[in-house]
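First the structure, in the form of C-alpha cells, and then the observations on it.
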C-alpha cells in the first residue's frame, strides 16, 4: 500500500510509463460495470496519463485473443470475441418424435403434392391446425407451392429438398404407393386407432393420440 | 449457427489447437464474475479440450498485467492486480464491518477446519453466539462441513470458495502462517488434563481432529 | 494496562447495570475469561511461552476481587474461572501429593498456557487474514459479466417408416372401415347397468363408483374412460329408479353410492 501512495504522488509530476498506463486501463475496463469513456479513464488514472494512447496499445494486445477491446459509442469495453459467442450459450437439444397429426399431414403432402389445406383435411377427415403446418414449415420439410387455379386461389404445400434429404429420397415420386405399402405389410393389419402395430410401439401412442386430438381443439 | 455445430462435431474427433483452447478459457473466464471450475470449463469447451493445460498458458500470459488469472480452490477467475486497487474507488464494495468475535471465529474456522462449534468455543474460551455463525454463513464465507464421527455427530464448519476468493487464497493451505502454527503445535486439539472450566473442553473430539484436518489440507 | 481497561469498563458496566436492571452483565469489552487472562498476561511483558501462570492466576483473582468490591456482577464464566484458578494456584504452591489422582498443577498450568498461546495465535492470524488484499477492496472481479444464455432446442424427427405408416393409417381408414366404430374399448351404459344391478344388492355402505368398473378396464386410459362414463351414467339411472343414493363431497372428489333400502323410500 505505501508504494501505491508513492506512485500516486510521483505521478503528480510525471506520468507512469505507458506499459503501466496500459495495465491501468486494462484493470479499470475489466472491473467496470459499464463501458468507460476516455475522459473517465483519464479522470481515474494518475495525472498526466494518456488513456487514448494506452488504449491503442491495449487494443492491439487483445487482437486475436478470446476477448477484444471494443468501442461502444464513445466508451470502451472488453467483449467476448465474436467467434467464441457459442461458448456463452449452453445448448441442449431434445429430440422428440413428431406428433401423429404432423406425420399424417406430412405424409399427405408428400403423396399428394401440391395439395391445399382443404384437401389435406378432406383426406385426413379432421381439420389441420395451423400449428402443425407451421411446425413442418419451420422444420423446412414443407414449403408453399404454387397457388391452385381454383376459386379462391388457395395456397398449396409441397415437400422440400430437406425433406427428401432427411428421408433419403431422390424425389417424392419414390415414395411407395399403396400397393407397395400393402406388399410391405404396412396396410395388411388394419390398425385400430390408438394401437398401431409394428415399430411405433404402444407406449407413445396415448400421448400422441392426445396431441392429435388437441389439434382439433386448437384453432 | 450451422458452422458452430460443424465445429463442435468435428471436435469429437480432434480437439482445437491449444492456442484456441486458451482463447476459449480466456473468453469464458472473462465473461464470468465468479470463479469457474475446470470441470465446468471442459464441459463448455468443445469435446477433447484440456482446460487445465490451457490455463497454465493463459496464466503465464497475464503475468504482470493489469488483470491476473488466479486460482480459487479448484476454480479459476480473472481478478485485477491488487496494486491497482487505488484506481477502483468506484468499484469498491463496502463490506460490512465484522465484529471482533466474528473475525476470530472466521479465523478459527479457516485454520482449524473442519471444526465444531464446541471446538471454536474451547479456543475462544467463550460461547459463540448464533448471530456470529449466521452472519458468516450469510456472507458465504463459511458453510457446514461433514458431521464429526464423535458422539452426538456434531456439525462442523469449513470455509467456502467465496472465502478463498475474497481473501485471494488459492486454497486453505495458503492461509498466512499456517505452517508455522502447525509446527508450533497450535493447531492441535490438545485434550485438557482433567477438567477445565467454562465452555472449553467439554467434549473429547480430539482423536478425530487430526484426521479431519488432514482431509482438508492434504488433498 | 489491565487496570486501565478495567477502570473504564467498570464505569460502563455499572451504568449498564443500572439501566438494564440486569443482575449479571458481562464485563464490557472482554470476550470471556480467557480473553481477560490474555490481556492480563501482557503485563508480564514476556513471551507467552514463558509466562508465569501462577502470577497470572493471582492477577485474575485480584481482578475478580476488585469487581466484587465494586459490586460488578460478573458472568458465571468468570467466577468459574476464578474458582478453577484458585484451585490451580493451590496446586502450584503446595508440594505435589503422590497419593492424589489426576493431573499435576504443572500439567494444568501448561494447558492453560497452551490455550492462551493458541488464542493469541488465532487473533494474530485473524489480523493477518483481514489485512490481506481483498476482493472488492484491493482487487476486483469482472464488472460486466456476460451471462451464459441457456438455449433449449427441441428437434422433431420422424422416420420414413413413420411417414408411410401415417399415410397407410389414413388410407386404410378410407379403404376398409370408413364408418365402422371401433368398439373394443367401449363399455356401454347398458352393459354397466346390467353389471351394477347384479352388484348393487351388496352396497350397504358408501362405495366409490370406480370400484364397479369391470375387471380389466381400469388400466388402459381409453377403456377406463369409457367404463367410468358408462358406470356413472348407469349409477344416475339407478338413482333415478330409487335403487341407490349418490354423493360427492366436492369437485373432483370421489363419487360414492350405496343401496337405498326400499322401506326408506
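Protein chains in written order, with the working numbering: chain A, 260 to 478; chain B, 260 to 478; chain C, 4 to 268.
Ideal Cβ positions, reconstructed from N, Cα and C, are used throughout, including at glycine.
- Collapsing the DSSP output to three states places residue 379/A in a helix.
- Under the three-state reduction of DSSP output, residue 327/B falls in the strand class.
- Only residues of its own chain outside the window of five on either side were considered, and among them 64 have a CB closer than 7 Å to the CB of residue 89/C, listed in chain order.
- Judged by DSSP in its simplified three-state form, residue 33/C adopts coil rather than helix or strand.
- With distances taken between CA atoms, residue 123/C lies nearest to 50/C out of 204/C, 214/C, 237/C and 50/C.
- Put simply, the backbone Cα of residue 393/B is about 48 Å away from that of residue 319/A.
- In terms of Cβ geometry, residue 327/B and residue 446/B do not form a close pair [threshold 9 Å].
- Distance from residue 132/C to residue 336/B at the Cβ level is roughly 20 Å; contact not present, criterion being Cβ atoms closer than 8 Å.
- The CB of residue 347/A comes closer than 7 Å to the CB of 290 in chain B, given here in chain order.
- Our two residues, residue 352/A and residue 341/A, have alpha carbons roughly 22 Å apart in a direct line.
- Distance check between residue 111/C and each of 281/B, 450/B, 277/B and 387/B places 450/B closest, using alpha-carbon atoms only.
- Within chain C, the residues 158 and 160 have their CB atoms less than 7 Å from the CB of residue 354/A, given in chain order.
- In this chain, the alpha helix (DSSP H) harbouring residue 234/C covers 224-243.
- Under the three-state reduction of DSSP, residue 321/A is assigned to coil, being neither helix nor strand.
- Looking at 138/C, 170/C and 147/C, the one whose alpha-carbon comes closest to that of residue 384/A is 170/C.
- In summary, the residues of the stretch 312-331 of chain B whose CB is separated from some CB of chain A by less than 7 Å are 324, 325 and 326, in the order they occur in the chain.
- Taking CB atoms only, residue 426/A has a neighbour in chain C less than 9 Å away.
- Shown here is that no member of the stretch 374-400 of chain B has a Cβ falling below 7 Å from a Cβ of chain A.
- Comparing alpha-carbon positions, the option among 386/B, 288/B, 277/B and 284/B lying closest to residue 149/C turns out to be 288/B.
- If you check each beta-carbon in the stretch 272-301 of chain A against every beta-carbon of chain B, the ones closer than 8 Å belong to 281, 282, 283, 284, 285, 286, 287, 289, 290, 291 and 292.
- Taking a Cβ-Cβ threshold of 7 Å, the residues of chain B close to residue 343/A are 282, 283 and 286, in chain order.
- Taken through DSSP and simplified to helix, strand or coil, residue 151/C comes out as coil.
- The alpha carbon of residue 247/C has as its nearest neighbour, out of 91/C, 204/C and 77/C, the alpha carbon of 204/C.
- Sequence-distant partners of residue 413/B (beyond 5 residues in either direction) whose C-beta falls short of 6 Å from its own C-beta, in its chain, are 375 and 407.
- In this structure, the CA atom of residue 333/B is about 20 Å from the CA atom of residue 136/C.
- Counting the other CB atoms within 10 Å of its CB gives residue 436/A a total below 16, which places it among the exposed residues.
- When DSSP states are grouped into helix, strand and coil, residue 107/C belongs to the coil group.
- The alpha-carbon of residue 398/B is positioned some 31 Å away from that of residue 442/B.
- The beta-carbon separation of residue 401/A and residue 368/A, rounded to 5 Å, stays under the 8 Å limit for a contact.
- Residue 165/C has a beta carbon lying within less than 9 Å of a beta carbon in chain A.
- Non-local beta-carbon contacts of residue 188/C in its own chain, meaning distances under 8 Å to residues more than five positions away in sequence, involve 223, 225, 226 and 229 in chain order.
- When Cβ-Cβ separations below 9 Å define contact, residue 146/C makes contact with chain A.
- In the assembly as shown, residue 295/B is a buried residue. Its beta-carbon has 16 or more other beta-carbons within 10 Å.
- Proximity of chain A to residue 152/C at the Cβ level (cut-off 7 Å) is accounted for by 347 and 348, in chain order.
- One Cα belongs to residue 39/C, the other to residue 290/A, and the distance between them is close to 45 Å.
- Contact between the stretch 306-318 of chain B and the stretch 345-360 of chain B is absent: fewer than three C-beta pairs spanning the two stretches fall below 8 Å.
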